[in-house]
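Contents: one structure, followed by commentary.
Protein chains: 2
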Amino acid sequence: MTKAIIIVAGGSGTRMGSAIPKQFLMLAGKPILMQTIEVFFHFDKNIEIILVLPENQIGYWENLKREFEFDIPHKTTSGGAERFFSVKNGLSMVSEATEVIGIHDGVRPLVNQQTVSSCYEKAFEHGAAIPVIQIKDSIRKMREEGSKAVNRDDFCFVQTPQCFSKDVITKAYQQEFNKSFTDDASVAEAAGFHIQLTPGNTENIKITSPSDLIIAEQLLKIC
Amino acid sequence: MTKAIIIVAGGSGTRMGSAIPKQFLMLAGKPILMQTIEVFFHFDKNIEIILVLPENQIGYWENLKREFEFDIPHKTTSGGAERFFSVKNGLSMVSEATEVIGIHDGVRPLVNQQTVSSCYEKAFEHGAAIPVIQIKDSIRKMREEGSKAVNRDDFCFVQTPQCFSKDVITKAYQQEFNKSFTDDASVAEAAGFHIQLTPGNTENIKITSPSDLIIAEQLLKIC
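Chains as they are written, first to last, in the working numbering: chain P, 996 to 1218; chain R, 996 to 1218.
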């Protein structure tokens, strides 16, 4: 199977209370984004890596690469106003020969090899697959007339990479943008494709706050 | 307002891969359960603290108290086969004069004063209140015909303490036990009471796995 991974990093840094966008913050001595890219390179040395960054961060990234002597081959392109358009830009860079395309959050460096591998395999077989994990905490549904307890076993958390056959994801992203698209699976679903679920890993958190970064440092030590 | 807190600790330790039940594991130099009790004592020196432990752990707890010279006043009672029956046992120990009763997970030592205070206040006003936080990750609903993306903004995570006027929680716990009771709010809701929501704090995690314990250690440092 020939593979590509589109890594989307759109953070501006404001939620982190930091001037540096979250994807460039240091995790175990290296910018988060480099840690994330390494996971996919380690998974498959021949994977086509496409990085989507806000236009005004591309120069900063080039500097970081020099500073850290980061030499994993990848293409870089600029993002759009919404994640949907960033992914679309990434998709336009994928080579003709690629069979399965993954889309991954740049700030999820703790995804493990098992999660990545199962997701690509299942997408290769069925067209679309995403990693999910159980919800441990109680959840409630908010409604206009008040909230209501729901059974958490009826729900699951969605992680990335979300993987698709080239045909599926290309067709899905030909749709018009819709605010209800929460992730790539919801885009594919809206285009009529059925999504398979594969097991994610609990450490595969999205780093969006300073406490997430501290947690990630600790999780890296025990993973 | 006169208050009580029922702290329920039913863990047996198996999920932690440890012989020691999770509520007794060390967090910042002290058993988790002591950290949890201290939060409520700090909130109100006159709060009535009722601890519910599995029968066969009460002796161990007494030993720990001596070892750590733990002198916060509290009553201890034994738990039942289900959390529902443990809470019921705790409720039977609450003093006549108590107006608002909170019920809290023993393994949530990181609840902050603001969360606790808002919850008691709102329960005092409205009869029933629980702390909730936003869901950051994408979630899906699992159905027989396959899963489906749902809007995470329509859902929230539920934390503890869950607080109730004495009248509300007493009536609620007169119901027969039902497997659908996921927390105390769902018990009160089944009895026809309306639940108010108050803001929780993101650090208020339930410590149920070894990685949670590592995360909690780090969160304690920055809280």
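Every residue, glycine too, gets a C-beta built ideally from N, C-alpha and C.
In this text the structure is predicted, and so the values were computed from the model without any measurement.
What separation, rounded to the nearest whole angstrom, lies between the Cα atoms of residue i and residue j?
{"i": "Arg1061(P)", "j": "Ser1181(P)", "result": "37 Å"}
{"i": "Asn1196(R)", "j": "Pro1026(P)", "result": "28 Å"}
{"i": "Lys1143(R)", "j": "Asp1178(P)", "result": "12 Å"}
{"i": "Gln1052(P)", "j": "Thr1072(P)", "result": "10 Å"}
{"i": "Lys1222(P)", "j": "Leu1214(R)", "result": "Residue numbering for chain P in the displayed model covers 996 to 1218; residue 1222(P) lies beyond these limits and cannot be assessed."}
{"i": "Ser1175(R)", "j": "Gln1108(R)", "result": "30 Å"}
{"i": "Glu1171(P)", "j": "Ser1081(P)", "result": "14 Å"}
{"i": "Thr1093(R)", "j": "Phe1063(R)", "result": "29 Å"}
{"i": "Ala1124(P)", "j": "Glu1033(R)", "result": "46 Å"}
{"i": "Ile1096(R)", "j": "Leu1105(R)", "result": "19 Å"}
{"i": "Arg1138(R)", "j": "Asp1132(P)", "result": "19 Å"}
{"i": "Val1145(P)", "j": "Thr1203(R)", "result": "21 Å"}
{"i": "Gly1005(R)", "j": "Glu1050(P)", "result": "52 Å"}
{"i": "Ile1067(R)", "j": "Thr1031(R)", "result": "11 Å"}
{"i": "Asn1058(P)", "j": "Leu1028(P)", "result": "13 Å"}
{"i": "Met996(P)", "j": "Gly1085(P)", "result": "20 Å"}
{"i": "Val1163(R)", "j": "Phe1119(R)", "result": "11 Å"}
{"i": "Phe1036(P)", "j": "Gln1157(R)", "result": "46 Å"}
{"i": "Leu1022(P)", "j": "Ile1210(P)", "result": "10 Å"}
{"i": "Ala1014(R)", "j": "Ala1014(P)", "result": "45 Å"}
{"i": "Asp1207(R)", "j": "Ile1001(R)", "result": "23 Å"}
{"i": "Ile1130(P)", "j": "Glu1212(R)", "result": "22 Å"}
{"i": "Gly1141(P)", "j": "Gly1054(P)", "result": "48 Å"}
{"i": "Ile1200(P)", "j": "Leu1020(R)", "result": "25 Å"}
{"i": "Phe1038(R)", "j": "Phe1038(P)", "result": "50 Å"}
{"i": "Glu1091(R)", "j": "Pro1205(P)", "result": "45 Å"}
Taking C-alpha atoms, which residue in the options lies nearest to residue i?
{"i": "Ile1042(R)", "options": "Thr1072(R), Ala999(R), Ala1023(R), Leu1208(R)", "result": "Ala999(R)"}
{"i": "Val1111(P)", "options": "Glu1212(P), Pro1194(P), Ile1209(P)", "result": "Pro1194(P)"}
{"i": "Lys1216(R)", "options": "Ile1202(R), Ser1204(R), Glu1198(R), Thr1203(R)", "result": "Glu1198(R)"}
{"i": "Gly1075(P)", "options": "Ser1087(P), His1069(P), Met1021(P), Pro1068(P)", "result": "Ser1087(P)"}
{"i": "Cys1234(R)", "options": "Ile1202(R), Ala1167(R), Pro1016(R), Leu1192(R)", "result": "The structure shown has nothing for residue 1234(R), since chain R only spans 996 to 1218."}
{"i": "Leu1048(P)", "options": "Val1153(P), Lys1201(P), Lys1083(P), Thr997(P)", "result": "Lys1083(P)"}
{"i": "Thr1165(P)", "options": "Gly1122(P), Glu1116(P), Ile1045(P)", "result": "Gly1122(P)"}
{"i": "Pro1126(P)", "options": "Val1089(P), Gln1030(P), Phe1152(P), Ile1045(P)", "result": "Phe1152(P)"}
{"i": "Lys1070(P)", "options": "Gly1141(P), Leu1046(P), Ser1090(P)", "result": "Leu1046(P)"}
{"i": "Pro1016(R)", "options": "Trp1056(R), Gln1169(R), Tyr1168(R), Ala1023(R)", "result": "Trp1056(R)"}
{"i": "Ile1044(R)", "options": "Val1089(R), Gln1018(R), Phe1019(R)", "result": "Val1089(R)"}
{"i": "Gly1024(R)", "options": "Glu1116(R), Ile1130(R), Phe1065(R), Gly1187(R)", "result": "Phe1065(R)"}
{"i": "Gly1187(R)", "options": "Ala1167(R), Ile1200(R), Pro1205(R), Ser1206(R)", "result": "Ala1167(R)"}
{"i": "Lys1117(P)", "options": "Gly1054(P), Phe1159(P), Glu1091(P)", "result": "Phe1159(P)"}
Could you give the first and the last residue of the continuous beta strand (DSSP E) run that contains residue i?
{"i": "Leu1214(R)", "result": "That residue, Leu1214(R), is in no beta strand (DSSP E); its alpha helix (DSSP H) goes 1205-1217."}
{"i": "Lys998(R)", "result": "998-1003"}
{"i": "Thr1193(P)", "result": "1191-1194"}
Could you spell out where the alpha helix (DSSP H) holding residue i opens and where it closes?
{"i": "Ala1185(R)", "result": "1179-1185"}
Assuming residue i contacts residue j (C-beta within less than 8 Å), just tell me the rounded distance between them.
{"i": "Arg1103(P)", "j": "Val1003(P)", "result": "Between Val1003(P) and Arg1103(P) the Cβ distance is about 10 Å, and since that is not below 8 Å, they are no contact."}
{"i": "Ala1183(R)", "j": "Asn1173(R)", "result": "Actually they are not in contact, since the Cβ atoms of Ala1183(R) and Asn1173(R) sit about 13 Å apart, beyond 8 Å."}
{"i": "His1099(R)", "j": "Thr1155(R)", "result": "5 Å"}
{"i": "Lys1161(R)", "j": "Asp1149(P)", "result": "Not a contact, Cβ separation roughly 33 Å."}
{"i": "Ile1128(P)", "j": "Arg1147(P)", "result": "About 12 Å; that fails the 8 Å criterion."}
{"i": "Gly1101(R)", "j": "Gln1018(R)", "result": "4 Å"}
Fully enclosed by the segment 1108-1166 of chain P, which beta strand (DSSP E) runs are 3 residues long or longer? Here the runs fully enclosed are 1123-1129, 1134-1138, 1141-1145, 1150-1153, 1157-1160.
Every unbroken alpha helix (DSSP H) inside the segment 1030-1110 of chain R [4 residues or more]: Qualifying alpha helix (DSSP H) stretches, in chain order: 1053-1062, 1078-1086.
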